[in-house]
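**Student:** Position 147, counted from 1, in the sequence shown is what the working numbering calls 192; the numbers after and before it change by one each time, with no gaps. Before I ask anything, let me first share the structure, which is written out below as structure tokens.
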Amino acid sequence: MLLHTVDVGHGDKTALLLHGLMGSAESWWRVIPLLVEHGYRVLAMDLPGHGLSPRDPDLTMAKAAASVTATLEARAPQRPLHAIGHSYGATVLAAAGLAAEVTVYVDSALSFTGGDDRTRLIERYESDRRNRQDPAWLRSSRPFYTAKDAEVEARAATCFDPATSASISCGDDVMVMPREGAILVHAEPSNWVTDDDKHRFAEQGVSMRGIRSAAHTVWYSHFDEFTASVPEVFGEYP
Numbered sequence: 046m047l048l049h050t051v052d053v054g055h056g057d058k059t060a061l062l063l064h065g066l067m068g069s070a071e072s073w074w075r076v077i078p079l080l081v082e083h084g085y086r087v088l089a090m091d092l093p094g095h096g097l098s099p100r101d102p103d104l105t106m107a108k109a110a111a112s113v114t115a116t117l118e119a120r121a122p123q124r125p126l127h128a129i130g131h132s133y134g135a136t137v138l139a140a141a142g143l144a145a146e147v148t149v150y151v152d153s154a155l156s157f158t159g160g161d162d163r164t165r166l167i168e169r170y171e172s173d174r175r176n177r178q179d180p181a182w183l184r185s186s187r188p189f190y191t192a193k194d195a196e197v198e199a200r201a202a203t204c205f206d207p208a209t210s211a212s213i214s215c216g217d218d219v220m221v222m223p224r225e226g227a228i229l230v231h232a233e234p235s236n237w238v239t240d241d242d243k244h245r246f247a248e249q250g251v252s253m254r255g256i257r258s259a260a261h262t263v264w265y266s267h268f269d270e271f272t273a274s275v276p277e278v279f280g281e282y283p
């Protein structure tokens, strides 16, 4: 499966961006121009069942990871790679095992519990999707969103396919080991990354960088702090 990809910039290194559940490549709308300014060619992918990418009601984590790898190989083979994945997208990134020079996981434990009931989970995702299609609802539930943030995420919800994402959570539990030397940028405190997760990451040599009072979508609520936390990607940011 090849994924729909926003492909901008002409730098000599590639930045791969993978969004979280119910997001899209457009979720990185504020990050992409900064990366281009820092000399990257940016590939922001819509994950399976998101945005304009294909649907797959039998999706597994392995298939999602393979779709990222195949798309990257088709678009930017053998290029220096810096990769950022958020939440679910971080888990897909870790499962893909890409040989990136810099790997950044954003507020993700790289794990989740499987065994969900498919019908109930699809219904729950569909309910969430309906709410998120309303920019006013998004801004009331996420006061840190700008008007454009809400428009972008509402569009992403409209394109989201509940059956594709539900399929992954109906199989086995998922736990992916982080890449050695990777970076974890997390909210502090985080509803998604536990102390046990941090211990597991530390054992792999992961550099952990907390941003106090940040939201799960860290770059929406704390954009400057997020970019400053990863000088390996964004350079020294004022």
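For every residue, glycine included, the Cβ atom is placed at its ideal position computed from N, Cα and C.
Ordered along the chain, which non-local residues of its own chain (more than five positions away) have a Cβ less than 6 Å from that of S98?
**Tutor:** The residue given as residue 98 occupies position 53 in the sequence shown. A distance below 6 Å between beta-carbons, with the five flanking residues on each side excluded, links S98 to the following residues of its chain, in chain order: L48, H49, D91.
**Student:** What are the residues that DSSP puts in a beta bridge with K58?
**Tutor:** Within the sequence shown, the letter at position 13 stands for residue 58. K58 pairs with Y85.
**Student:** Given P283, which residues of its chain have a CB within under 7 Å of its CB, disregarding the five upstream and five downstream residues?
**Tutor:** What you label residue 283 is simply residue 238 of the sequence shown in a count that begins at 1. Model confidence at P283 stands at a pLDDT of 43, short of 50, so the residue's coordinates are unreliable and nothing is read from them.
**Student:** For K108 and I213, I'd like the C-alpha separation in whole angstroms.
**Tutor:** Here residue 108 is taken as the residue at index 63 of the sequence shown, counted from 1. Here residue 213 is taken as the residue at index 168 of the sequence shown, counted from 1. Cα to Cα, K108 sits roughly 10 Å from I213.
**Student:** Along the chain, where does the beta strand (DSSP E) containing R254 start, and where does it finish?
**Tutor:** In the sequence shown, residue 254 corresponds to position 209, counting from 1. From DSSP, the beta strand (DSSP E) with R254 extends over 252 to 257.
**Student:** With a floor of 3 residues, list each beta strand (DSSP E) that falls wholly inside the segment 203 to 269, ordered by position along the chain.
**Tutor:** 228 to 233, 252 to 257
**Student:** Enumerate in chain order the residues of its own chain whose CB-to-CB distance from A119 is below 7 Å, with the five nearest sequence positions on each side excluded.
**Tutor:** On the sequence shown, position 74 is the one that residue 119 refers to. Excluding positions up to five away in sequence, the list reads L47.
**Student:** Quick test of your reading: K14 and R124, contact by CB under 8 Å. State the CB separation rounded to the nearest angstrom.
**Tutor:** The structure shown does not extend to residue 14, since the chain is modelled only from 46 through 283, so no value can be given for it.
**Student:** Decide yes or no for the touch test of the segment 156 to 167 against the segment 213 to 225: beta carbon pairs closer than 8 Å, at least 3 of them.
**Tutor:** yes
**Student:** To the nearest angstrom, how far is the alpha carbon of A144 from that of L126?
**Tutor:** Along the sequence shown, read from residue 1 onward, the residue named residue 144 stands at position 99. Along the sequence shown, read from residue 1 onward, the residue named residue 126 stands at position 81. Approximately 8 Å, taken between the alpha carbons.
**Student:** Along the beta strand (DSSP E) that carries A128, what are the first and last residues, could you check?
**Tutor:** Here residue 128 refers to the residue found at position 83 of the sequence shown. Segment 126 to 131, the beta strand (DSSP E) holding A128.
**Student:** Would you report the Cα separation of V230 and P102, rounded to the nearest angstrom?
**Tutor:** Taking the sequence shown and counting its residues from 1, one reaches residue 230 at position 185. Taking the sequence shown and counting its residues from 1, one reaches residue 102 at position 57. If you take the alpha carbons of V230 and P102, they lie about 31 Å apart.
**Student:** Which residue marks the beginning of the alpha helix (DSSP H) containing T116, and which one marks its end?
**Tutor:** As a working note, residue 116 is residue 71 in the sequence shown. Run containing T116: 106 to 120, per the alpha helix (DSSP H) assignment.
**Student:** If you run the structure through DSSP and keep just helix, strand and coil, what is Y170?
**Tutor:** On the sequence shown, position 125 is the one that residue 170 refers to. Looking at Y170 - three-state DSSP - the assignment turns out to be helix.
**Student:** Around the C-beta of G65, are 16 or more other C-beta atoms found within 10 angstroms, so that it is buried, or is it exposed?
**Tutor:** Taking the first residue of the sequence shown as 1, we reach residue 65 at position 20. By the neighbour-count rule (16 or more Cβ atoms within 10 Å), G65 is buried.
**Student:** Check each candidate in R224, E248, Q249, H261 and name the one with the smallest Cα separation from V238.
**Tutor:** In the sequence shown, counting from the first residue as 1, residue 238 sits at position 193. When only C-alpha atoms are compared, the closest one is H261.
**Student:** Determine the closest residue to A141 out of D162, T148, S153, A110, with distance taken between C-alpha atoms.
**Tutor:** For the purposes of this step, residue 141 is identified with residue 96 of the sequence shown, where counting begins at 1. Residue A110 is the option with its Cα nearest to A141.
**Student:** DSSP three-state label for T272, please.
**Tutor:** Start at 1 with the first residue of the sequence shown, and residue 272 comes out as number 227. Correct three-state label for T272: helix.
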